[in-house]
Structures are given as structure tokens and as C-alpha cells.
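Counting with the numbering used here, you get residues 2 to 258 for the letters of the sequence shown.
Down below is the structure, laid out as C-alpha cells.
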Amino acid sequence: MALIEFRGVKKAFGTNEVYRDLDLDIHEREVITIIGGSGQGKSVMLKLLIGLLDVDGGEISFDGQRISGITEAQYAPIRRRVAMLFQAGALFDSLSTKENVAYGLREQLEMSELEISERVRESLTYVGLPGTEETWPADMSAGMKKRVSLARALAIRPEVLLYDEPTTGLDPINVTRIADLIEHLNETLDVTSVVVTHDMDTALAISDRIAMIQDGYVIFSGTPDELLASEDPRVRDFIEGNAPVDEDTETLLRSAG
Ligand SMILES: Nc1ncnc2c1ncn2[C@@H]1O[C@H](COP(=O)(O)OP(=O)(O)OP(=O)(O)O)[C@@H](O)[C@H]1O
Ligand SMILES: [Mg+2]
């Protein structure tokens, strides 16, 4: 049995049918990356998993328990087991780094001040920012903010970590750093990682499996090697459209205006 199962999931917004009949298995402790064009429903998948949206039909289960079509109260115990790194990061500028990381702990878990301080310390160390408790988001680079957001997500010690475009908007050094962190945390914390990304290099580097969503279905799922070897024209178009542009080509395009 997979840890998370999507079975025949349907989801529409008005006449916009995002999922027609979506099936996907997510296995315990894997890094799975969700790829697909803009608007194909990648973020919707994460929102369904974190209980921000619900399905119109079909079923989602987590650890053998149905998590679609349930009430907010029934979802509450699940919320502690799943954490999300939001695309915008969304740190509170009025809170110190420590309080940003402690946020979910205060909201969701009953911990003493001492336990909170210890958990914050550990979490910041995991993301390579030890000792930054008394700093402020306004003084941080985009890459650091992303890592503090990640510390906040993992502070509750979730079993599943969801990442929405974790590398978008970062410079190449920080892209590599975040990609390495996702892999490292997956191993050290024994979590299951679901990563949505546009960045094919990152997807190929960190994934145990990759799933591609198109026109309401999962049209491919397999290893990075299987993805690269796929002869499905829809998969090929996507990979080729996202092929990394090398520096020389970039310079050429820039000089051509
Ligand atoms: N709350 C909502 N209300 C109405 N439509 C929505 C809502 N959330 C998502 N949609 C629509 O569902 C579709 C899928 O959205 P989603 O955000 O999952 O796309 P995506 O694959 O993450 O795209 P991108 O790569 O641009 O982030 C889009 O057409 C979007 O406009
Ligand atoms: Mg999205």
C-alpha cells in the first residue's frame, strides 16, 4: 500500500475541469516531483493534501485513512503530519526568525518554552542556519528566507513535506543549496517529500520518481531515467521545452534583445 493514494480524483473550478480522473501513488520516504505545464493542477495537488481544498469525486487516502470528503475536525490530526513550504515563503516580517519557526509549534503542539527553543534550534541547524534565532526576515536574502520557511515547515516534525516551487526566484547557488537540502532532509528526517517544480534540472537531480500531470490525468510516473527515455510525445514536448538553456545561448538571446 502506498502512503498516499489518489484514486479517480475529480476536481473542477466552475467549468474548469482540472482533474478528470487522476490516479497517483506516493510511497513512504520517497522524493516525488510533480511536473506539468502552468495551470495543470500541480499546486492543487498540494492543497488537496494539506486540506485547503477538497475533491469533487474520487478519493484521497493517507496512511490507509480517507482524507477527502472529511470535515475540518476530522482532518485536524492529519494536519500535524503534513507540512507545506509555500511558494511565497510567507514569513511574518514582524516576528523574529525564532518566532517564525516556532509558529506551527505554538499553533499545533503543546510544548514548553524550553522544548520550543530546542526544536527551533534543531530546525534551524537542519537548514544550515544555526544560531540565527534573533535575526529578522527583512535582513535576509531570498535563499535564507526560503530556508527559514523550510525550518518552520519541518519544526512540527511532519511525516510528509510538501514543497511548492521551492527553487523559483533563487539564484543558481541557492537553487542547488535548496535541492541538496530537500534530498538531505528526506534522508535525515525520514520524511516523504512531494515537490512541485518547473525546474527540470532540480526534478532530475532530487527525485526518486517524477509524475507529470496533463489535461486532468497523471500521464506519466516513473524514475528520472524512465522520464528521459519516455517516448510519449506529451512528455517529450515538456522535457524539451524545459531543456536548460546554456549560458552561451542566454548571452546570445540577451544581445539579440
Ligand atoms: N481556488 C481556486 N479557485 C478557482 N480556480 C482555481 C483555484 N485554485 C486553482 N484554480 C485553477 O485550477 C487550475 C490549476 O491550478 P494550479 O494552481 O494547481 O496550477 P499549477 O499547475 O500549480 O500552475 P503554475 O505552474 O502556474 O503554478 C488553474 O486553472 C487555476 O486557475
Ligand atoms: Mg502552482
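Virtual Cβ for every residue (Gly too), placed ideally from N, Cα, C.
Around residue 94, the same chain offers 137, 138, 139 as residues with beta carbons nearer than 8 Å, after the five sequence neighbours per side are excluded. The alpha-carbon separation between residue 44 and residue 105 amounts to approximately 21 Å. Secondary structure at residue 215: strand, using DSSP grouped into helix, strand and coil. When DSSP states are grouped into helix, strand and coil, residue 39 belongs to the coil group. With a cutoff of 8 Å, residue 195 does not count as near ligand 2, since its C-beta is closer than that to no heavy atom of the ligand.
Straight through space, the alpha carbons of residue 158 and residue 103 are spaced by roughly 12 Å. Burial check for residue 148: the Cβ neighbour count within 10 Å reaches 16 or more, so the residue is buried. A straight-line Cα-Cα distance of about 30 Å links residue 208 and residue 132.
For residue 170 and residue 69, the gap between their C-alpha atoms comes out near 32 Å.
By the neighbour-count criterion, in which a residue is buried when 16 or more other Cβ atoms sit within 10 angstroms of its Cβ, residue 167 is buried.
Relative to ligand 1, even the nearest heavy atom lies 8 Å or more away from the CB of residue 56. Of the candidates 107, 35, 74, the residue whose Cα lies closest to the Cα of residue 210 is 35.
In this structure, residue 45 has its beta carbon less than 8 Å from a heavy atom of ligand 1. Taken through DSSP and simplified to helix, strand or coil, residue 44 comes out as helix. Under the rule that a run must span 4 or more residues, the alpha helix (DSSP H) segments found entirely inside the region 124-205 read 143-156, 173-189.
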